[in-house]
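Position 18 of the sequence shown, counted from 1, bears residue number 312 in the numbering used here, the numbering being contiguous throughout. Where a beta carbon is used, it is the ideal one built from N, C-alpha and C, also for glycine. These figures come from a predicted structure and were not determined experimentally. First the structure, in the form of structure tokens, and then the observations on it.
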Amino acid sequence: MFDLIVRNATLPDGTAGVDVAVVGGRISAVEPHAVLRRARAAEVIDAHGCLLSPPFVDAHFHLDATLSLGLPRVNRSGTLLEGIALWGELKPTLTQDAIIARAMQYCDWAAARGLLAIRTHVDTCDPRLLAVEALLEVKRRVWPTLDLQLVAFPQDGVLRYDPRRDDPNCRDTALQLLNQALDLGVDVVGGIPHFERTMQEGAESVRLLCEEAARRGLRVDMHCDETDDPMSRHVETLAGETRRLGLGGRVNGSHLTSMHSMDNYYVSKLIPLIAEAGVSAVANPLINITIQGRHDTYPRRRGMTRVPELLAAGVTVAFGHDCVMDPWYSLGSADMLEVASMGLHVAQMTGQDAMRACYRAVTEAPARILGLDGYGIAPGCHADMVLLQARDPVEAIRLRATRLKVIRRGRVIAESAPQVATLRVPGRPATVDWTLGR
Ligand code: FE2
């Protein structure tokens, strides 16, 4: 007797007619329907051939700022610089309760979208460490529903930020504040080398932060080269430090947008270095396409990093959402299929294999970057799954498919009705669902 069986599902690799059985919050069997036909379970879900996927994972988000749109005002230009200025205006007015309430609301949205693991950066450039304590509380509250991984993120630069700017009595440095966040239980070491005062200080920040991560045995995820400046080359230092400190497989470079504008010869050397070092990459297509290239007239650069080329070199690449309804981005709804769709279009990844890689960029790849254990649809994995109103990953992206069922540890935690429109056109079908219906 199983707790749950999902019958007649199609898996992301195209295997059809599969039954997935769950006991005690873990997947205990994945078999052709004929094998488990007679098996009984407390709950049975008929997938009707729809896609049963491991949950979506967002490798790059800012949960401390999310859903703050309009506070204290909206970003009129939509630019990165006005967004940073706006965050500076908002920060002194933040309360722990308000951050927790907004983050919890976003986690509700995420769960309903089948987004069950999020790596979120949390600003440590604050003598009060208000957002750090708020998001640690959110992490404690949401773990039955989703996995949160926190990155200590010195938003204003670990060398550039002087805490006495916000509290004249503060005796800590920005690096000490970041370390305090790690002592409190933040999981990953962050950074923002391109925002430090000089290229040299940027490189120095990468060294300092990677050494701290090595000392503590932690992962690293830096906002790295989020600029159109082709000479912003901190990812090279990040890869070099990863090799020097033996951190391969635990370091991620987020954004890497300068790589879009770099000299091709330099990139032909850089990408193999990133691959050799075991550094992964996260592109944030919705943000990269709206924020980069703002100093251009025409042609206007897209500003996303070189995703197909990184993938071809064997680098793990994920797509992140980065922002939803905050000082930097007014849109979004926790839909990683929207993120995948934008990434696919911006990177011109329209081949069949490339489109499937875009689906993996919001599922398997970020799971690997976060180091999630028990992720996937296989015996022994956590019973975390999403049943989508689509037959395959490409259709899921095309339709931003409805999440029919979201399952966490074997329990249905969210459901949505299938998307079907009634058609009142004489002589035509009564309904449409945007599939070919073959
Ligand atoms: Fe970010």
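Item: Paired residues, beta bridge with leucine 666 - DSSP; Value: According to DSSP, leucine 666 bridges with nothing at all.
Item: 7 Å Cβ cutoff met for threonine 536 and valine 573; Value: yes
Item: First through last residue of the beta strand (DSSP E) which encompasses aspartate 352; Value: 350-355
Item: Inside the region 311-392 only - alpha helix (DSSP H) runs reaching at least 4 residues; Value: 327-330, 374-384
Item: Three-pair Cβ contact test at 8 Å for the region 360-372 versus the region 659-678; Value: no
Item: Aspartate 616 beta carbon near the ligand FE2 (any heavy atom closer than 6 Å); Value: yes
Item: Proximal residues to alanine 641 (C-beta, below 7 Å), its chain only, five neighbours per side dropped; Value: Met598, Val601, Pro602
Item: Classification of glycine 308 by the beta-carbon crowding that lies within 10 angstroms, buried from 16 upward; Value: exposed
Item: Nearest residue (CA-CA) to tyrosine 629, options Leu440, Leu298, Arg331, Trp403; Value: With the sequence shown as reference, residue 629 is identified as aspartate, and tyrosine is not the correct amino acid for it. Of Leu440, Leu298, Arg331, Trp403, the residue nearest in Cα terms is Trp403.
Item: Helix, strand or coil at asparagine 463 according to DSSP, with G and I counted as helix; Value: coil
Item: Cβ-heavy atom distance, glutamate 530 to the ligand MG, below 6 Å; Value: In terms of ligand content, the structure shown lacks the ligand MG and carries the ligand FE2 instead.
Item: Where methionine 643 falls: helix, strand or coil (DSSP); Value: coil
Item: Contact belief for glycine 408 with arginine 697 at Cβ below 8 Å, rounded distance in angstroms; Value: 4 Å
Item: Residue range of the beta strand (DSSP E) that includes glycine 547; Value: 545-549
Item: Per-residue DSSP class, three states only, for methionine 516; Value: strand
Item: Inter-residue spacing [alpha-carbon to alpha-carbon] between aspartate 616 and asparagine 578; Value: 6 Å
Item: Same chain only: Cβ atoms within 7 Å of valine 324, ignoring 5 sequence neighbours per side; Value: Val312, Val314, Ile671, Ala672, Pro673
Item: Which of helix, strand or coil DSSP assigns to asparagine 302; Value: strand
Item: Whole alpha helix (DSSP H) elements within the region 518-580, 4-residue minimum; Value: 528-539, 552-555, 558-571
Item: Start-to-end residues for the beta strand (DSSP E) that takes in arginine 705; Value: 705-709
Item: Rounded straight-line distance, which links the Cα of asparagine 582 to that of glycine 484; Value: 19 Å
Item: Distance CB(valine 611)-CB(alanine 634) smaller than 7 Å; Value: no
Item: Nearest-angstrom Cα separation, counted from isoleucine 568 out to glycine 540; Value: 13 Å
Item: Cross-strand partners of phenylalanine 489 (DSSP beta bridge); Value: Partner(s): none; phenylalanine 489 has no beta bridge.
Item: Alpha-carbon to alpha-carbon, isoleucine 663 and glycine 543; Value: 8 Å
Item: Enclosing beta strand (DSSP E) for glutamine 443 [first to last residue]; Value: 441-447
Item: Cβ neighbours of arginine 733 in the same chain (closer than 8 Å, five flanking residues each side left out); Value: An answer regarding residue 733 cannot be provided, because it is not within the stretch 295 to 732 covered by the chain.
Item: Selected residue, minimal CA-CA separation from isoleucine 299, among Pro306, His327, Ala310; Value: His327
Item: Contacts around aspartate 466, its chain only, beta-carbon distance under 8 Å, and the 5 residues preceding and following it disregarded; Value: Pro421, Pro457, Gln474
Item: Whole-angstrom distance between leucine 717 and proline 723, CA atom to CA atom; Value: 7 Å
Item: Selection from Val482, Pro448, Leu478 that minimises the alpha carbon distance to leucine 469; Value: Pro448
Item: Closest residue to serine 388 among Gln586, Ala425, Ala659 (Cα-Cα distance); Value: It is worth fixing the name first, because residue 388 is leucine in this sequence and not serine. Minimum Cα distance to leucine 388 is reached at Ala425.
Item: The region 676-683 touching the region 697-717, judged by at least three CB pairs closer than 8 Å; Value: yes
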